[in-house]
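Residue numbers (the numbering used here), protein chains in the order written: chain A, 1 to 383; chain B, 1001 to 1383.
The beta carbon of each residue, even a glycine, is placed where N, CA and C say it ideally should be.
Comments concern the structure below.
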């Protein structure tokens, strides 16, 4: 694939150009059109991602547990592929290659359903994938792309619970809810990220500023960016103006609770809906809480179980927060932006699961696998 | 619970007596009535099972993986409960206590739905569970029993996907299919066990006999008992009469392929349906295959992905079989009956999953858990 991408770059850029020309018809924003665009640099990024996936250890066949029984039976748990993955995703063409590479490396077959806005780009990449599979002697059917933009197609695939082992939808909440409802196979959902930063009573002021600003502003459009800031009442007067000042300096718009309004200049009053909103933009809701319990309750009520960070210097506070907050990632004294397969050391990821079942948080190669028990005996029978 | 069971044995036996008296109304067989019966010995068995669960390590809080990142962020994967388990099971009253103990020990709340035939026994045990939870200061709501035998009740619970985290159905195929269809939450299915013993070309004759007989006869009614015997053509003439002779001696009825009919006395011709049937009784289907590939294809076509054993002295044959057979447990030179939580060293089990997703094979404490990522930093932000 790396060679093919390098050899056939002009062809890929030409197909991408067709998508870019059609983009206004689909009503894409400038930001969305930018995500759709392929360039030499971005194709180099796809190549780098492939090199990283190649460098990861092969997950299949790994012995993930073993137990030598008193009767001499050696019981091992061996990692195996899930089977057939149906992957539904948004319009960035690089995802087509990432997903195909992760699924092939984990021994799975994959059916790719990309966004209609990237259809020509995906078809061109798919052509190379077919060629690449053939060149290395793998079955071409192990990667398939849904060769239509027809919306009905997804529904047909979701009925094939006896043929498809798992569906992984990535995209808007509406899509994911529809998939979860209609799917006849297990689904790994990638829901929204209503992520929180909680500034504890004992928070270091400098860390409070840098972690909040980084969590919100470093890339506001992604799911692990923070949407809501919770501040312990005891430190609100001293720390909140510093933190919100730094946020406003970065162009962040604040939606505040009545108590924080009094300490902040330039914020507007938050509605209840604000606290449950994934803005995906430089907007942040702010709330003063009297206790950590109140912060945790707020997170469970309004959050999406994705990522929450606490800033604290107090050991007991860190322990309480990491134990009681039930989210895919709970982070102490670091940015929410670290909940990511690469940052957590899993390598490339197919998404970040907000489910608890099978896979939670970043889904890399291992999360695309199951296991079987393999036991070796020497004639053991049960009495 | 152990103390309460010992103190209040007469009460439990009395409640069980009511169930036994009603059993003929439900059309239970002698074998089913026997499974329903509580005795002093069986109550002692429940106590022993509780002692074993108590002795297992606490799964919650276990760090199941960690990664110190180059930036100093310590990323850990910490085991957490799944949440609320809805458990639907058949009529053996001991399962009520096993399931409650496993769920409480793994930090989950559980809603128990036992078979109607055991209703009085379960209500009596449930009373003790409530008392036991209260006595040790745990929330009484953490174990709940559906206090009705109304069939509609299950359907209502299956709709509560926002409140119940997983449903585990155990019982007939019809029940499990209905649950899988109607459930709005993930399901860990415990389907039937159409398990195979494959006698390879190089099988040791003595092991071939003892493993086949044990797999079929040691407890024919359970899911990991073998239902089908596959024999390589090269050894059929020598080994098959020995093996089937030993089976017939144990009272096993044989359903044979045309080729094996010629080598066996007393068998009857198998239909295609025979090969897909979980007899749960002393009946076994027999088929001669020309190659291991044919055996593996037969297993994937007719089997249920539960447990398959190979008898062989050939290393390459063992490797091929364990690699290519896609079942929850693949066993070399030992009885299929070992696919069991206790025998595999997991401790007590809530069932044996035939799913690939989340949990496969025996489901003990760990399979009732999820994980979250907990990361400890010192001010790390993303560049």
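Contacting residues, own chain, Cβ-Cβ under 7 Å from residue i (five flanking each side not counted)
i: residue 1155 of chain B; result: 1182
i: residue 1038 of chain B; result: 1012, 1013, 1016, 1093, 1121
i: residue 371 of chain A; result: 64, 77, 78, 79, 80
i: residue 1387 of chain B; result: This structure does not reach residue 1387 of chain B, given that chain B is present from 1001 up to 1383, and the question cannot be answered.
i: residue 1305 of chain B; result: 1326, 1327, 1328, 1354
i: residue 1035 of chain B; result: 1091, 1092
i: residue 257 of chain A; result: 270, 286, 287, 288
i: residue 259 of chain A; result: 288
i: residue 1124 of chain B; result: 1011, 1012, 1015
i: residue 1202 of chain B; result: 1312, 1313, 1314, 1317
Sequence-distant residues of its chain with Cβ nearer than 6 Å to residue i (five each side left out)
i: residue 1171 of chain B; result: 1090
i: residue 1344 of chain B; result: 1362
i: residue 95 of chain A; result: 89
i: residue 1374 of chain B; result: 1076, 1078
i: residue 1349 of chain B; result: 1341, 1362, 1363, 1364
i: residue 274 of chain A; result: 255, 285
i: residue 149 of chain A; result: 116, 119
DSSP beta-bridge partners of residue i
i: residue 362 of chain A; result: A:352
i: residue 1253 of chain B; result: B:1283
i: residue 370 of chain A; result: A:80
i: residue 393 of chain A; result: This structure cannot settle anything about residue 393 of chain A, because the visible part of chain A is limited to 1 through 383.
i: residue 1307 of chain B; result: B:1329
i: residue 88 of chain A; result: A:113, A:169
i: residue 1065 of chain B; result: B:1077
i: residue 1121 of chain B; result: The partner list for residue 1121 of chain B (beta bridge, DSSP) is empty, contrary to what the question assumes.
i: residue 1288 of chain B; result: B:1231
i: residue 1226 of chain B; result: B:1195
i: residue 1143 of chain B; result: B:1110
i: residue 1187 of chain B; result: B:1167
i: residue 1334 of chain B; result: A:380
Anticipated Cβ contact below 8 Å, residue i with residue j, distance rounded
i: residue 1050 of chain B; j: residue 1097 of chain B; result: 7 Å
i: residue 1369 of chain B; j: residue 1082 of chain B; result: 6 Å
i: residue 1191 of chain B; j: residue 1086 of chain B; result: Actually they are not in contact, since the Cβ atoms of residue 1191 of chain B and residue 1086 of chain B sit about 18 Å apart, beyond 8 Å.
i: residue 46 of chain A; j: residue 5 of chain A; result: 6 Å
i: residue 1334 of chain B; j: residue 1211 of chain B; result: 7 Å
i: residue 1204 of chain B; j: residue 1313 of chain B; result: 6 Å
i: residue 246 of chain A; j: residue 336 of chain A; result: About 16 Å; that fails the 8 Å criterion.
i: residue 1253 of chain B; j: residue 1216 of chain B; result: About 11 Å separates the two Cβ atoms, so there is no contact after all.
i: residue 1310 of chain B; j: residue 1200 of chain B; result: 6 Å
i: residue 307 of chain A; j: residue 227 of chain A; result: Between residue 227 of chain A and residue 307 of chain A the Cβ distance is about 10 Å, and since that is not below 8 Å, they are no contact.
i: residue 1380 of chain B; j: residue 1071 of chain B; result: 5 Å
Proximity below 8 Å, CB of residue i to CB of residue j
i: residue 1261 of chain B; j: residue 1132 of chain B; result: no
i: residue 173 of chain A; j: residue 365 of chain A; result: no
i: residue 112 of chain A; j: residue 84 of chain A; result: no
i: residue 1209 of chain B; j: residue 376 of chain A; result: no
i: residue 1223 of chain B; j: residue 1352 of chain B; result: yes
i: residue 138 of chain A; j: residue 8 of chain A; result: no
i: residue 1237 of chain B; j: residue 1207 of chain B; result: no
i: residue 338 of chain A; j: residue 1073 of chain B; result: yes
i: residue 1321 of chain B; j: residue 358 of chain A; result: no
i: residue 1117 of chain B; j: residue 1028 of chain B; result: yes
i: residue 1280 of chain B; j: residue 1220 of chain B; result: yes
Partner residues on chain E for residue i, Cβ-Cβ distance less than 7 Å
i: residue 1210 of chain B; result: Absence of chain E from the displayed structure is noted, the protein chains being A and B.
Contacts around residue i, its chain only, beta-carbon distance under 8 Å, and the 5 residues preceding and following it disregarded
i: residue 299 of chain A; result: 196, 198, 230, 308, 325, 327
i: residue 140 of chain A; result: 130, 133, 134
Residues of the stretch 328-339 of chain A whose Cβ lies closer than 8 Å to any Cβ of chain B, in chain order: 328, 329, 330, 331, 332, 333, 334, 335, 337, 338, 339
Residues in the stretch 1172-1200 of chain B with C-beta within 7 Å of chain A's C-beta atoms, listed in sequence order? 1186
Check distances from the C-beta atoms of the stretch 1348-1359 of chain B to those of chain A and list, in chain order, the residues that come in under 7 Å. 1356, 1357, 1358
Relative to chain B, which residues along the stretch 292-305 of chain A have a C-beta separation below 7 Å, given in chain order? none
If the cut-off is 9 Å on Cβ atoms, which residues from the stretch 246-280 of chain A count as contacting chain B, listed in chain order? none
Within 7 Å of chain A by C-beta, residues of the stretch 1061-1073 of chain B in sequence order: 1067, 1069, 1073
Relative to chain A, which residues along the stretch 1007-1041 of chain B have a C-beta separation below 9 Å, given in chain order? none
Quick one: which residues of the stretch 1210-1224 of chain B get their C-beta closer than 9 Å to a C-beta of chain A? List them in chain order. 1210, 1211, 1213, 1214, 1215, 1218, 1219
Going along the chain, which residues of the stretch 1082-1107 of chain B sit with their C-beta nearer than 8 Å to a C-beta in chain A? 1082, 1083
Can you pull out the residues from the stretch 1139-1165 of chain B whose beta carbon lies closer than 8 Å to at least one beta carbon of chain A? 1165
Which residues, in chain order, does the stretch 1113-1137 of chain B contribute to contact with chain A at a C-beta distance below 9 Å? none
The stretch 1225-1237 of chain B: which residues have C-beta closer than 9 Å to a C-beta of chain A, in chain order? none
Which of the residues in the stretch 1359-1371 of chain B, read from start to end, lie with their CB under 7 Å from any CB of chain A? 1360, 1361, 1370, 1371
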